[in-house]
Amino acid sequence: MTGAWIPLAAVGTPLLTGIVIFLLADWRVALRTALNLSGAFVKLVLVAVMLRGVANGYDYSVRVAIVPGLDIVLITDALALLFLTLSAGLWALTTIYAVGYLENAPHRSRFFGFFSLCIVATTGIALAGNLFTLFVFYEILTLVTYPLVIHRGTREALAAGRVYLRYTLAGGAVLLFAVAWSHALAGPHDFVAGGYLRELGTDQRLSLTLLFGALIAGFGVKAALFPLHGWLPAAMVAPAPVSALLHAVAVVKAGAFAIIRVVYDVFGVEFAEALGVLGPLAVLSAFTILYGSLRALAQDELKKRLAYSTVSQVSYIVLGVAVLGPLSTIGALVHLVNQGLMKITLFLSAGNLAETLGVHHVHEMNGVGRRMPLTMAAFTIGALGMIGVPPTAGFVTKIYLGTGAAEAGQWWVIVILAASSLLNACYFLPILYSAWFQPQTAPWPHEHGTGFDAKATLLVPVLFSAAFALGVGLFADTPVSPLEWAKLISQREFGYAR
Amino acid sequence: MTTAAWMEALLAAPLAGAVIALISGRRAAALVGVVTAFATAAASIALAFAVSRSGVLRYAVGGWGRPLGIDLYVDGLAAVMVAITGVVGACISVCAAGYFAPKPTHADLPSDKHDRAWLYWPLWLMLWGGMNALYLSADLFNIYVTQELIGLSGIGLIALAGGSAISAALRYLLLALAGSLLYIVGVELLYAGYATLDLQQLRDRIDANPSTFAAAALMTAGLLAKSALFPLHFWLPPAHGHAPVPVSAALSALVIKTGFYLVVRLWLHVLPGLAWAHLATLLGVLGAAAVFWGGVQALMQERLKMMVAYSTVAQVGYLFMLFPVASVPEALPGALLLAASHAAAKAALFMCAGSVLAVYGHDRIRSINGIGTRMPLTAVAFALSGISLIGLPPSGGFAGKWLLISAAFAAGAWWWAAIIVLGGLLSAVYLLRALAFAFLEPPIAGFGRAPWGMEATSLVLAFIAVGLNFAARPLSELLNAGAG
Amino acid sequence: MTTPIVYASAGVAMLCIALFGFLTARHVLRRILALNIVGSGVFMMLVALAARPDPPDPIPHALVMTGIVVGVCVTALALALLRRMFADEGSARLPEDREFG
Amino acid sequence: MAVLDWLSMALVGAGTLFFIAGSIGLLRLPDVMTRLHALTKADNVGLGLIVLGLSLQTSGPMEVVRLLLVWALALLTSSCACYLVAHATLQARRETGHDS
Amino acid sequence: MTADAAALDILLAVLLVFLVWRLLTLSDLFKATILFIVFGLLLSLAWVRLRAPDVALAEAAIGSGVTGALVLDALRRLGAHGAVDEARPLRLNLARLSGGLLVACLGAILLWSVLSLPAGWRGLSAEAMAAMPHSGVTNPVTASLLNFRSHDTLLEIAVLMLAVLGVWTLDAEPKPSAEPAGPILDLLVRILLPLMVVVAGYLLWAGGHAPGGAFQGAAVLAAGGILLHLARPFYLGNHVIIRLVIGFGFAVFLAIGVMLVVGGGRFLEFPSRHAGTLILVVEAAATISIALILLALFVGNVREGAGRDAP
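Residue numbers (the working numbering), protein chains in the order written: chain A, 1 to 498; chain B, 499 to 982; chain C, 983 to 1083; chain D, 1084 to 1183; chain E, 1184 to 1494.
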C-alpha cells in the first residue's frame, strides 16, 4: 500500500487550502485565487493518479483508529473514483466561476474557506470505506454547507438556513441511530462488494427492513427523495455558485452516492431484493421524479424551477439502483456524472443571466438569446440534455435505464421515464422558445455593462461545462468516457458480466 | 517521579497556592493563582500518565491504613477526572487573569467589586484543591468534607458578582447543605452497618439489607442535588447565570461533575453487589427528563449566559443516562468522554458569552448580529464548542455519544439510544439558533473590548472539545489500566 | 432501653422534624436553624453509635467534631448572605418563596 | 448515712428550693424588672447552697476551690447580665415610650 | 443503668425533641433563636451523657455559643420586620404531604436500623485503642482528629478559612450606630477576658490527655473577642496582618504535612517519636487562626462609612 498517502492527500489538500484561506483578509484577492486554483489543480492531479492506478487494479486504502474497534477508513474503489472525479472537476470549474461572481462582495475569505471545507467533506464521502466514515463526512458536509447557504446574511437566508438545518440535522439524527444499529447487528464492517449484511440471512427480516428504511431516510434527505426534499428549493436563496456546486453536484449527489453504497455495498442488491425493499424504493423514486417535474412546471422563478428539476433528476439514480439488473445499474452510475454536468451548466448559466441582466424569472427571458447568445447556447445544451435529446448525456442515461427496466421486466418504469421526459420538455422548451424566438419585450431589470455577453470569468466555465455535457454524450463509447467507467464499476463491483 | 509523588504534589499545590494567594492579597494573588494553576495542571496530567503506566495506587495518608486512617485511591476513573479538572482549570485560570484584571473592561462585574476581585484566587484554588482531594479520596467522610470545601468556595465565588447572584448563592448553599446532610445520614448508616468508612472495604463487606439500600438511596439523593439532575436542578440556572464568567465556567464544567463522579463511584465500584437495576432505570429516566427539560428551557432563554446555564442542566442528563447501560464495558469511557468534552465546550461557551457581554454590554441572543465579523475568534469558538455539545461528528461529544449509543444497543435497550439522538437534535436547535445570529447582516457595532485572555482561551478550549474525538482510545486504555 | 438507643431515637426524631421543617419553612433564617438541627440529629445518632462499645469509639467523635465546625462555617456564610440579601432585596425569603401584596 | 451526707442533702435541698422559688417568680411576676429581680437573687443563693452541699462530698481541696470558682463566676456574670437586660429595657422604654 | 439515670436520659431526649418542634413552629424568630441556644446547651448535656466530653465542649462553645451569637447578630440586622415570619398555619397541600410522608419513612428506616443494630457493636474502638500508644497523645479523640484522620482536619481548617473569604466577598455593611454599653460591661470584660485567655490556653494544653483541644480553645478565645467587641466595638478589615493570622494555622499544618513528605514519610505521617510535639504545634497554630476566623465571622464585613444603605 505504498500509495496510502494519496487518499489522505486528496482529503488534506482542500482542508489545507480552506484553513489558510480562512486566515486571509478579504482584500487579498490574488493570493486567495492563486491558492484556490493551485488546490484544485493539485486535487485533479491526485485524482488522475488514482484513476490510472485503479484502472489497472491497484488499490490505495488508509485506516485511522478512532475508538477501539471503530476506524475511519478511506478506500479507492472504482465507484469512489467516479464520484471523486466528478466533484474534483466541477469544483475547479465552480471556483473560477465563484471568483468572478463574488468580485468585491463582503466575507469572501469566509465563503471560500467553507467552499474548500465542503469539498473536503465530499471527497471524504466519496472515499469512505465503511458506513461510520461515510456518516462522519456526511455530517461534516451539513456543517460546512450551512454557512454557505446563509452566506448573504439576510433574514430570508437565515430562514432558508433554518429549513435546511431542520431537514439535514433530523436526517443526521436518524442516520446516527441507524449506523449505530447496524454496528449492533453486524459489528463494524467495511464496505464489501456483495454487501456484508447478507450473512445475517432473512430471519431478522423486520429489523433489517427497518434498518434499510432508516438508512434510506437518513441519506434520502440529501438525495431529496419525495417527503424530504423541502430544503432544496428553499436553499436557492444562496449565491449562484453555492446553489450550482452544492445543490447540483456535492450535496445532492452525496445523498444519491450514499444510497448506492447502502444498496450495493451494505445490503447487496440480491439480498435487498430478497428482503423486498427495492420495490417500495423504486415506487418512491418514481413518484419523486413525477412530483419534481410537476412542481417545476409551476415555478416562475428560474432557479426554483431548476431546483425542482434536480429533485426529479436525482431520483433517476435512485430508480436505476432500485431496478435489479446490470444495465439499470450502469444507467444509474452514468447518470450520477451526466446529471452533474448538465445541471451545473444550467445553474451557472442561470447565474450569468442573474448577474449580467438581473433576470431571475422565466417571464423576463424574452429575447435573451440575442442579448447573451453563448450563455443561452450552453443553457440550451443543458436543457436538451435534461429532456434526453439523442446526442446529449441525458439520452445515454435514459437508454440504459429503459433497457435495464425492460430486461428486468418492470414495464411501468419505462412509462415513468417516458412521462418524465415529456414533462421535462414541457418546462424547458417554453424557456428556450421565449429566449430564442420571442423579441425582447421589456428592458432588462438591471443591466451590468454593455459587453457582448457575461464577464469572461463567468462565461468560460459555463462553456466548458456545456462542452463536457455534450462531449460525454457524443463520445460515450470511447474508453475514457464515464460510461466506460460505469461499466467497469458494475462489472468489478457488482459482478455483472460486461 | 512515582505516582505517589505526583499525587502528593497534586494534593498540596492548590491548597498551598490558595493560602499564599490569601496572604499575598491584592498585589500578587493573580500571579500566584496562575502559577499554581499551571503547576497543578501539569501535576494532574503527569498523574494520568503515571497511572496508565503503573496502574492503581493506594496511599495511606498519615500512614495509618484503612479503617482507622484515611486512604487515597487513584484508579483510572479518578485519574481521568483529575486530568479533565487540570486542563480545563488551567484555561479557566488564564481567562480569570484577564477577566479580573485591575482596570474594569466588562459590565459583568460591577466596578465597586474591584477591590475584592483578588478574593477570586484563594477561593478558586481552594475549589480546585477540593475537587482534586475529592477525586483522590477513598474515604466516605473525607469525601463529605471535600464536598463542603467545594460547596463553600463555590458559594463565595458566586457571591463575588453581587446583585441577584446573592439570592442564587443562598439557594445553592441551602440545597448543597441539605444534600450533604442526606449524604452524612447515609454515611452514618453504612458506618453502623459495616464499621468502616473506606470504599474498597465497604465493597467487600456489602450485603443487601434494607439499611444499606436506604443509605445508598440517601447518599444518591444528596449527590443528585449537588449535580443538579432534573428534579433538583432549579438552583443551577440562576447560580451559573449570574455568577462572574470564569466562575460559571468552573461551576458548570467541573463542579457539576463531582456529583456525577461520586454516583458513578458509589454504584459502579462500591455497591455493584446490590440489585440496583430499577434505580439505574430511574436515573436514566431522570436523565432523559433533564435532557428535554433543559433543552426546552434553553430554547426559550433570551440571554446567552442563561441559555448556556440551562444547557448544562440538559447535558447533565446525558451523563446520567450511563447508568441504565452501565453493564456494557464501553459505556463508562463514553460517559467520561462526554463529561470531558462537555467540560471543555461548556467552559468555552461561557467564555464566549463573557466576551460578547464585554464587547456589547449585554448578551441578548437576538441582538448579537454579525459577531462573526466583529469577534471572529469568539464566533469560531462558539461554533466549535456548539458542535461538540450537539455531538456532531468531528467532535469529542460525538465520540462520547457514539460509545453511549452503541452501549445502549449492545445492552439491548435501543430506546436510550433514541433519547440520546433526539436530545442531540434538541441541543442543535437552541445552539445553532444562537449561532445563526452571528451571520446576520448588518453587524451591530460593539463598543467595549473583550479581556485579552478570554477569547484566546475559549478558542483553545473549543479545540480541546473537538480534539477529544481522538481521545477515546487512550481514555479506555487508561480506564482499563486503572481497573486494577 | 439503654442510653445509646434513647438518644439515637431522639436523634432520629429531631432529624425528621427538622428536615420537614426545612422543606416547609419559607423564612431563610428558620431554614438555616432547621438545617443546623438536622446536623445535630445526625451527630446524635453517630455519637450514640459510638457510645455502644466500652471505651467509646473515638472515630465518630472526631467526625462529629469536624461536622460541628463545618456546620458553623456554613451557618456563618449563610447568615452573611441572608443579611446581604435582606439589605438588597428587602425580603428574608428566597425569590421563589416571596408572595407580593 | 454519715452526718456529712445528711448535711449536704439538706443544703442541696434548700438550694433547689430557692431555684424553684426563682422559677415560680419568673412565671408569675408581671413585667421584666420584677422577673429579673426574682431570677438573679433566688438563683444565686440557690447555687451557693448547692455548691456548699456538694463541697462536703468532694474528695480533695482542689475540687472545693474549683466549685467556689464556678460559683464566683456565676455570681459575676448573672449580676452583669441582669444589669444589661435592665439597661436595655429602660432604653427600649425611652424610645418607644410605652411599657414593654 | 440505674433507674434514675435512665429517667434523666429519657427526660432530656423528650425535652430536646419538644424544643426542636417548638423552635420550628414559633412565628417570632427571636424566641426561636433563644430556644435554639437552649437546645444547643441541652445537646452538650446529652453528649456528656453519651460519654463524649470533647464533643460536649465543642457543642457548648461552638455549636450553641458562637452559632447563637451569629444568629442573634443576624437577627438584629434583619430588624423588627425581618425577624417575624408570619408562619401561616401549616395547611396540608400536596407538596407538604408528600414531603412529610417521605420524611416519615426515612425516620422509620433510621429507627429500624438503630434498633436492629447488634448489641455487641464494636466499631473501630479496638483498632483506635491499639494505635493509641504511638499516636503521640493519650486523648483518643484528639488522636483521631489530629493523627488518624488528620487529612479531614486539614480540610476542615480550609473550610473555616473559606467561610471568612465568603463573608469578605459580600458588600461591606454600614457601621451599626451602637453607643458603648456602659461601665458595667467594661468591668465584666476586664475581669473575664484574661480568665478566658487562660482557660483557652489550658484547654489547648489539656487536649493531649483530657477533653479539650484546638477547636474548644479557639472557641473560648473567640468568645472573649466577641465579648470585647460587644463592650467596645472594633472592626477587622482584611489587611495583611489579619490575612496572615487567618492563613497561619492552615499554612503551618500544610507545611508540616509537606515537610514530612520531603523527610521521606507519607503526607501528614507523624513519626511516633515526636508526634506529640508536632500535634501540639499544629494545635497551637490552629487555635490562634480559628479564634480570629470565628471572631471575623461574627464581626462580619463592616467598614467605616461603607455600604449604600442603613438597615
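From the three backbone atoms N, C-alpha and C, an ideal C-beta is built for every residue, glycine too.
Contact set between residue i and chain E, taken where Cβ atoms lie within less than 7 Å
i                : result
glutamate 506(B) : Val1444, Phe1450
Under 7 Å by beta carbon: chain B residues contacting residue i
i               : result
proline 1077(C) : Ser665
Residue i, buried or exposed, once every other Cβ within 10 Å from all chains shown has been counted against 16
i                 : result
lysine 303(A)     : buried
alanine 1186(E)   : exposed
isoleucine 518(B) : buried
asparagine 56(A)  : exposed
aspartate 1492(E) : Residue confidence for aspartate 1492(E) is low, a pLDDT of 40 falling below 50, so the modelled location carries little weight and cannot support an answer.
glycine 129(A)    : buried
cysteine 1288(E)  : exposed
histidine 604(B)  : Bear in mind that the predicted position of histidine 604(B) carries a pLDDT of just 49, short of 50, making it unreliable; the figure below should be weighed with that in mind. Flag for histidine 604(B) reads buried.
valine 753(B)     : buried
arginine 1034(C)  : buried
lysine 487(A)     : buried
Beta bridge counterpart(s) of residue i as assigned by DSSP
i                 : result
leucine 70(A)     : Val67(A)
aspartate 637(B)  : Asp696(B)
tyrosine 571(B)   : Arg556(B)
glutamate 301(A)  : His361(A)
asparagine 130(A) : Asp190(A)
valine 1320(E)    : Answer by DSSP bridge pairing: none, since valine 1320(E) is not bridged.
glutamate 1356(E) : Val1485(E)
arginine 1373(E)  : Note: arginine 1373(E) sits in no beta bridge, so no partner.
Closer than 8 Å at the beta carbon, the chain B residues around residue i
i                : result
proline 532(A)   : Nothing about residue 532(A) can be reported from this structure: the residues present for chain A run from 1 to 498 only.
alanine 173(A)   : Val919, Leu920, Gly922, Leu923
histidine 183(A) : Ser904, Phe907
Closer than 9 Å at the beta carbon, the chain E residues around residue i
i              : result
glycine 944(B) : In chain order: nothing, as chain E lies at least about 29 Å away.
Contact list for residue i against chain C, beta-carbon separation under 7 Å
i                : result
arginine 1279(E) : Thr1006
Residues that residue i contacts on chain B, provided the C-beta gap is smaller than 9 Å
i                : result
isoleucine 66(A) : Ala897, Trp900, Asn967, Phe968, Ala970, Arg971
Proximal chain C residues relative to residue i, where beta-carbon distance stays under 8 Å
i                  : result
valine 643(B)      : Thr1048, Val1052
asparagine 1484(E) : Ala1062
Cross-chain neighbours of residue i in chain E, by beta carbon under 8 Å
i                : result
arginine 1080(C) : Within 8 Å Cβ-Cβ: nothing; arginine 1080(C) doesn't reach chain E, min ~12 Å.
Query raised in the report: Can we say the region 840 to 857 of chain B touches the region 734 to 746 of chain B, given the rule of at least three CB pairs closer than 8 Å?
Result: Yes, the region 840 to 857 of chain B is in contact with the region 734 to 746 of chain B.
Requested in this report: Check whether the region 1431 to 1438 of chain E touches the region 502 to 520 of chain B, taking contact to mean three or more Cβ pairs, one atom from each stretch, closer than 8 Å.
Outcome: Yes, they touch.
Query raised in the report: Should the region 292 to 303 of chain A be regarded as contacting the region 347 to 358 of chain A, the criterion being three or more beta carbon pairs within less than 8 Å?
Result: In this structure the region 292 to 303 of chain A touches the region 347 to 358 of chain A; the number of beta carbon pairs closer than 8 Å is three or more.
**Report entry** Inside the region 221 to 270 of chain A only - beta strand (DSSP E) runs reaching at least 3 residues
**Finding:** Within the region 221 to 270 of chain A, no run of beta strand (DSSP E) at least 3 residues long lies entirely inside it.
Report task. Determine contact between the region 1042 to 1058 of chain C and the region 1104 to 1116 of chain D, defined as no fewer than three beta-carbon pairs at a distance below 8 Å. Result -> The region 1042 to 1058 of chain C makes no contact with the region 1104 to 1116 of chain D; the number of CB pairs closer than 8 Å stays below 3.
Query - Runs of beta strand (DSSP E) wholly within the region 48 to 119 of chain A (minimum 3 residues, chain order) - result: Inside the region 48 to 119 of chain A, DSSP marks whole beta strand (DSSP E) runs of 3 or more residues at positions 61 to 67, 70 to 75, from first to last along the chain.
Query raised in the report: Is the region 862 to 872 of chain B touching the region 823 to 836 of chain B in the sense that three or more CB pairs, one from each, lie closer than 8 Å?
Result: When Cβ pairs closer than 8 Å are counted between the two stretches, the region 823 to 836 of chain B is seen not to touch the region 862 to 872 of chain B, the count staying below three.
Query raised in the report: Which ranges would you report for the alpha helix (DSSP H) in the region 842 to 906 of chain B if only whole runs of at least 4 residues count?
Result: Counting whole runs of 4 or more residues, the region 842 to 906 of chain B contains the alpha helix (DSSP H) stretches 869 to 872, 874 to 888.
Query raised in the report: Curious, which full-length alpha helix (DSSP H) runs of at least 4 residues does the region 611 to 687 of chain B contain?
Result: Counting whole runs of 4 or more residues, the region 611 to 687 of chain B contains the alpha helix (DSSP H) stretches 618 to 634, 638 to 657.
Query raised in the report: Would you call the region 815 to 826 of chain B and the region 769 to 789 of chain B touching, i.e. three or more CB-CB distances under 8 Å?
Result: With a cut-off of 8 Å, the region 769 to 789 of chain B and the region 815 to 826 of chain B count as touching, because enough Cβ pairs lie within range.
Query raised in the report: Does the region 683 to 690 of chain B come within contact of the region 1364 to 1380 of chain E, defined as at least 3 CB pairs closer than 8 Å?
Result: By the Cβ rule, the region 683 to 690 of chain B does not count as touching the region 1364 to 1380 of chain E, because fewer than three pairs are nearer than 8 Å.
Query raised in the report: Per the contact definition of three or more C-beta pairs closer than 8 Å, is the region 156 to 176 of chain A in contact with the region 911 to 929 of chain B?
Result: Taking a cut-off of 8 Å for Cβ pairs, the region 911 to 929 of chain B and the region 156 to 176 of chain A touch, as three or more such pairs fall below it.
Query raised in the report: Quick one: complete alpha helix (DSSP H) runs, 4+ long, within the region 1393 to 1451 of chain E?
Result: Listed in chain order, the complete alpha helix (DSSP H) runs (minimum 4 residues) inside the region 1393 to 1451 of chain E are 1397 to 1414, 1423 to 1445.
Query raised in the report: Counting only runs that start and end within the region 919 to 979 of chain B, where is the alpha helix (DSSP H) found for 4 or more residues in a row?
Result: Those alpha helix (DSSP H) runs which fall completely within the region 919 to 979 of chain B and span 4+ residues are 950 to 965.
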